[in-house]
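All remarks here apply to the structure that follows.
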Amino acid sequence: MKTRLLSFALALVLALGLTPSVLAAESGYTDVPEDHWAAESVQRSTELGIFQGVGGGRFGLGQPISRAAFVTALVRLFGWEEVSPEGSFSDVPKDKWYAAAVETAAAHDALPAGSRAFRPEDNITREEMAVIIVRGLGYAPLAPAAAELGSPFTDVTASEGFIAIAYDTGIISGMEKGRFAPGDTATREQAAAVLVRLHERWHAVSRRVSASAYGEQIAVAAPEAVPGGEMPATPLEPIAELYAALRRARAKGMYMEGAILNLTAGGIRTIVANGEIVESAPVTAEEVKELLAGGANDYYSTRYESAYCIYQPNAYQTATVWYQSEESMAAKLQLARMFGVTKYSLV
Numbered sequence: 001m002k003t004r005l006l007s008f009a010l011a012l013v014l015a016l017g018l019t020p021s022v023l024a025a026e027s028g029y030t031d032v033p034e035d036h037w038a039a040e041s042v043q044r045s046t047e048l049g050i051f052q053g054v055g056g057g058r059f060g061l062g063q064p065i066s067r068a069a070f071v072t073a074l075v076r077l078f079g080w081e082e083v084s085p086e087g088s089f090s091d092v093p094k095d096k097w098y099a100a101a102v103e104t105a106a107a108h109d110a111l112p113a114g115s116r117a118f119r120p121e122d123n124i125t126r127e128e129m130a131v132i133i134v135r136g137l138g139y140a141p142l143a144p145a146a147a148e149l150g151s152p153f154t155d156v157t158a159s160e161g162f163i164a165i166a167y168d169t170g171i172i173s174g175m176e177k178g179r180f181a182p183g184d185t186a187t188r189e190q191a192a193a194v195l196v197r198l199h200e201r202w203h204a205v206s207r208r209v210s211a212s213a214y215g216e217q218i219a220v221a222a223p224e225a226v227p228g229g230e231m232p233a234t235p236l237e238p239i240a241e242l243y244a245a246l247r248r249a250r251a252k253g254m255y256m257e258g259a260i261l262n263l264t265a266g267g268i269r270t271i272v273a274n275g276e277i278v279e280s281a282p283v284t285a286e287e288v289k290e291l292l293a294g295g296a297n298d299y300y301s302t303r304y305e306s307a308y309c310i311y312q313p314n315a316y317q318t319a320t321v322w323y324q325s326e327e328s329m330a331a332k333l334q335l336a337r338m339f340g341v342t343k344y345s346l347v
């Protein structure tokens, strides 16, 4: 009976003009077998509109991906509104299919500055993928700090910080024997897997929990106020220190999906008179609101991803308050989500 059923199935395949591999390819592409390691990523990247096939019902499995094609996929993932081609690169003609995407990526600082050549037709390398992704995320300023923490790979001698961030956030995995293979060409399915991971992290949602909720805690202390300079710098959860804390937690094997990020709800006020610190102490979120409503000069530091305001309590003193704004909290929660941490508390 089993033999007759198999014979019938084969006859049906031949009658429909299909091949067994077509039936096995749930990805929707004839060249992506169902049991291929990247089949799910290929299918998901297509569903999300990040990737398209190469024509003829094929994905282009095993084929290298060009820099232009990768950047185009990245622009789709981030949902950036395309800008008109301006000819920023000498080798990207305005009438090319990828011109608008390249210009858009450049406008969002995803492409390294200082070069008039983009090399759109060159195959992208693993190192280049890491750099473009990290820059697209807005984490280029974190690269120096990430590099100082050391590289987990034995074969990385350039772009250390960018590669470390891409690896630490789980976007790009390493190779065997502690290698990253930065100069290796990326294939289309490898790029699809990388961008699907990025999409999952980028579109995750943070959830606030109570300060007493169960879970391993991740917290970053604010720097102590130091006299001198234009103002005391006591930013809340400085972004570089937060990155280092998340990296340490991941490296020691913490269950990141169950971890809780502790963020300061209010702020820290430091009062200075004649160059000397008179007082430096926490303030509540309500006190911060009152200060801002009262006309304190408001600023934002992208270096620390922390807001601050300055005012004069009297003619002899100047007060600086670093506080948690919606913008600063959004930046910190986004970085935490890139590490898989989606729960946070305000303390």
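Start counting the sequence shown at 1; every next residue gets the next number (the numbering used here). Backbone N, C-alpha and C fix where the C-beta goes; we use that ideal spot for every residue, glycine too. Note that the structure is a prediction, hence the values are computed from the model and not measured.
- Pairing A222 with A192, the inter-Cα distance amounts to about 39 Å.
- In the displayed model, D168 falls within a helix according to three-state DSSP.
- Of all C-beta pairs linking the segment 44–63 to the segment 194–209, three or more are shorter than 8 Å, placing the two stretches in contact.
- Look at K94 here: in three-state DSSP terms it is coil, with no helix or strand label.
- Looking at I165, A105, T30 and A213, the one whose alpha-carbon comes closest to that of A73 is A105.
- The DSSP-derived three-state label of R303 is coil.
- Sequence-distant Cβ neighbours of S328 in its own chain, meaning closer than 6 Å and more than five residues away, are E305, S306 and A307.
- DSSP places T104 in the helix class (H, G or I) of the three-state scheme.
- Excluding residues up to 5 positions away in sequence, F118, R119, P120, E121, D122, N123, I124 and E128 lie with their Cβ nearer than 8 Å to the Cβ of R67 in the same chain.
- In the DSSP annotation of this structure, the continuous segment of the beta strand (DSSP E) that includes R269 starts and ends at G267 to A273.
- If the five residues before and after I271 are omitted, its C-beta is found closer than 6 Å to the C-beta atoms of V278, E279, Q317 and A319, all from its own chain and listed in chain order.
- Exclusion of the five residues before and after V42 leaves S27, Y29, V32, F59, E189 and A192 as the residues of its chain whose Cβ lies within less than 7 Å of its Cβ.
- The beta carbons of A147 and Y243 sit no closer together than 8 Å.
- DSSP places P282 in the uninterrupted beta strand (DSSP E) bounded by E276 to V283.
- In this structure, the CA atom of R269 is about 10 Å from the CA atom of T284.
- Distance check between Y98 and each of A296, P112, V75 and D109 places V75 closest, using alpha-carbon atoms only.
- Residue pairing of W322 in beta bridges, as defined by DSSP: I268 and Y308.
- By the neighbour-count definition (other C-beta atoms within 10 Å, threshold 16), Y167 is a buried residue.
- DSSP places I218 within a strand segment (E or B) once states are collapsed to three.
- Shown here, P141 sits in a helix according to DSSP, grouped into three states.
- P235 is a Cβ neighbour of S301, given a cutoff of 8 Å.
- Cβ-Cβ separation between A186 and R126: approximately 6 Å, consistent with a contact (criterion under 8 Å).
- Minimum Cα-Cα distance from A315 among the listed residues K177, G215, A273 and G266 corresponds to A273.
- DSSP lists no bridge partner for Y29.
- Note that the C-beta distance between V347 and T264 is below 8 Å.
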